[in-house]
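Structure, as structure tokens:
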Amino acid sequence: MKKMRVAIVGYGGMGGWHVKKLADSDVAEVAGIYDIDPAACEKAISRDIHVYASLEELLADTSVELVTVATPNDVHEEIAIAAMNAGKNVISEKPVTITMESLERMIEASERNGVRFSVHQNRRWDEDFLAMKALCQSGELGDVINIESRVHGSRGIPGDWRGMKKCGGGMLYDWGIHLIDQIHMIFGFNPKRVSCICDYITNSDCDDGFRLDIYFENNIRATVEVGTYNFINMPRWYLRAKGGSACMQGWKTPIDVVKCDKWQEKAVTPVETAAGLTKTMAPRDEFTTDAYQITPPKSDVHDYYRNFVRAIRGEEEQLITHDQMRTDLKVILAAFESAKTGKIVEL
Ligand SMILES: NC(=O)c1ccc[n+]([C@@H]2O[C@H](COP(=O)([O-])OP(=O)(O)OC[C@H]3O[C@@H](n4cnc5c(N)ncnc54)[C@H](O)[C@@H]3O)[C@@H](O)[C@H]2O)c1
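Residue numbering for the sequence shown is 58 to 404, as defined by the working numbering.
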């Protein structure tokens with residue numbers, strides 16, 4: 058089948074990633090890029106990538122069926138709507154945009170023009186996430202009590218537009234959108250309430266980290282935490298369920314699982330610390346637990362473009378839907394409100 062021609066607006070870090078990935082896609086190919094920065098255009102030319110002289114020229118290219126928007130977050134909307142008005146299908150980088158009103162205008166443009174519109178939630182294909190999702194949904198550990206999903210770094214927020222509120226900077230928009238979307242993929246796009254606190258350690262204009270609790274039905278609680286001032290990382294995932302616990306240290310490590318085989322123990326050897334004695338907190342022995350590891354599955358991020366191209370051709374359902382985009386963004390905006398007011402926000 059003929060590959061779909063894709064034009065990319067914004068040739069920075071992520072625009073470059075799209076070009077690279079599309080080079081070995083089996084469903085799509087790069088028609089060219091456009092960037093407002095001449096230096097970015099020069100870089101593309103030096104790599105033999107076609108560069109459009111303007112956004113208008115790009116949108117006038119009738120061979121282009123799909124436009125990927127990989128610019129700073131505050132300009133996704135204007136570029137995406139211009140592309141949809143020109144009859145192009147659109148993928149916006151994440152976060153799709155920064156306000157609900159803006160998202161509704163984008164969805165309206167897609168419906169009015171009869172074109173497809175989605176967001177690049179590529180971290181749905183991360184293997185650590187797929188492993189934890191499978192474990193939670195398999196019922197292997199029984200009902201989930203709570204889950205913790207963390208990413209930690211130690212370099213603060215990048216010193217570019219990501220540190221500027223007016224550009225849609227901050228870690229809630231940057232990493233939060235990925236982790237929140239993953240949590241929704243595990244527990245459903247029906248969160249009930251949120252509570253959030255934000256960090257402003259290296260940046261005073263926008264959050265450089267946060268801790269967000271999302272509550273679901275049956276009292277399931279998901280904690281999502283992003284830190285950019287952590288010189289020792291906490292585990293990527295931690296799970297408590299009725300039948301045991303699981304912990305995943307990093308992006309590419311196995312999941313450590315400890316299942317509770319027998320709740321009652323005959324004899325517990327207490328732990329004696331410098332100043333006291335505890336049986337409650339003493340470790341369990343191997344007679345009442347079953348410890349093992351789960352190797353994460355393999356994934357292929359090319360499935361993202363495969364799905365969107367096939368959805369455009371009417372061959373598949375679009376995986377990342379408008380309603381899912383609405384829920385992810387709603388949680389981010391509620392998190393900002395909670396952090397500002399110090400209150401739990403009902404959704
Ligand atoms: N999905 C992911 O894993 C992932 C990872 C990183 C970034 N992103 C997202 O990708 C987008 C871009 O991030 P980045 O890291 O590439 O940023 P970047 O700063 O490296 O690149 C942005 C590029 O957009 C260009 N640009 C700005 N305004 C423009 C306009 N009006 N028209 C055309 N070009 C314009 C800039 O000149 C720059 O070259 C953001 O929305 C970001 O959140 C996604």
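Glycine included, every Cβ here is placed at the ideal spot set by N, Cα and C.
Closest in C-alpha terms to H133, from the list S175, K100, S103 and S111, comes S175.
M157 and A166 have their C-alpha atoms roughly 14 Å apart.
In terms of side-chain proximity, the C-beta atom of A127 is found nearer than 7 Å to a non-hydrogen atom of ligand 1. By the 16-neighbour rule on beta-carbons within 10 angstroms, L192 is buried. DSSP places R278 outside any alpha helix (DSSP H); the residue lies instead in the beta strand (DSSP E), whose first and last residues are R278 to G284.
If the five residues before and after S149 are omitted, its C-beta is found closer than 6 Å to the C-beta atoms of V126, H133, A137 and V176, all from its own chain and listed in chain order. Between D380 and D347, the C-beta gap is not smaller than 8 Å, which leaves the two residues out of contact. The secondary-structure analysis by DSSP pairs Y295 across a beta bridge with E205 and C304.
By the neighbour-count definition (other C-beta atoms within 10 Å, threshold 16), T337 is an exposed residue. With respect to the 8 Å criterion, A88 and V66 are not classified as neighbours on the basis of their beta carbons. The region 310–376 contains, as complete beta strand (DSSP E) runs of 3+ residues, the segments 312–317, 328–330, 333–335 and 346–351 (chain order). Only residues of its own chain outside the window of five on either side were considered, and among them T285 have a CB closer than 6 Å to the CB of G210, listed in chain order. Within the chosen limit of 7 Å, ligand 1 does not reach the beta carbon of A140 with any heavy atom. About 7 Å separates the Cβ atoms of A303 and D313, confirming a contact at the 8 Å cut-off. Shown here for M141: same chain residues with a beta carbon closer than 6 Å to its own, the five before and five after excluded, namely V147, A166, S167, N170 and V172 in chain order. D256: member of the beta strand (DSSP E) spanning R250 to D256, first to last residue.
D238: not part of any beta strand (DSSP E); member of the alpha helix (DSSP H) spanning I234 to F244, first to last residue. Within its own chain, the residues whose Cβ lies closer than 7 Å to the Cβ of G300, once the five positions on either side in sequence are excluded, are L198, G199, K316 and C317, listed in chain order. G67 has its CB nearer than 7 Å to a heavy atom of ligand 1.
By the C-beta criterion, the region 89–97 is judged to be in contact with the region 111–121, since at least 3 inter-stretch pairs fall below 8 Å.
Across the structure, Q350 and A188 are spaced so that their CA atoms are roughly 11 Å apart. Apart from the 5 residues on each side of it in sequence, M228 sits with its Cβ closer than 7 Å to the Cβ of I214, D264, D265, G266, F267, V283 and T285 in its chain, given in chain order. G399 and L269 have their C-alpha atoms roughly 12 Å apart. Straight-line measurement puts the Cα of T119 at about 12 Å from the Cα of M61.
With a cut-off of 7 Å, the C-beta of E86 is classified as distant from ligand 1, since no heavy atom of the ligand falls inside that distance. Selection P353, A117, W294 and T326 evaluated against R341 yields T326 as nearest (Cα-Cα). R162: member of the alpha helix (DSSP H) spanning M157 to N170, first to last residue. 8 Å or more divides the Cβ of E274 from the Cβ of K309.
Here S149 carries a strand assignment [DSSP, helix/strand/coil]. For M163, the closest alpha carbon among the candidates I234, A139, E329 and L334 is that of A139. Contact annotation, D185 with W294: C-beta distance approximately 7 Å; criterion of less than 8 Å satisfied. Within the same chain, K249 and R250 come within 8 Å of E403 by CB-CB distance, once the 5 residues on both sides are set aside.
Between W232 and S356, the C-beta spacing is not below 8 Å. For the pair V281 and L236, the CB atoms are nearer than the 8 Å cut-off.
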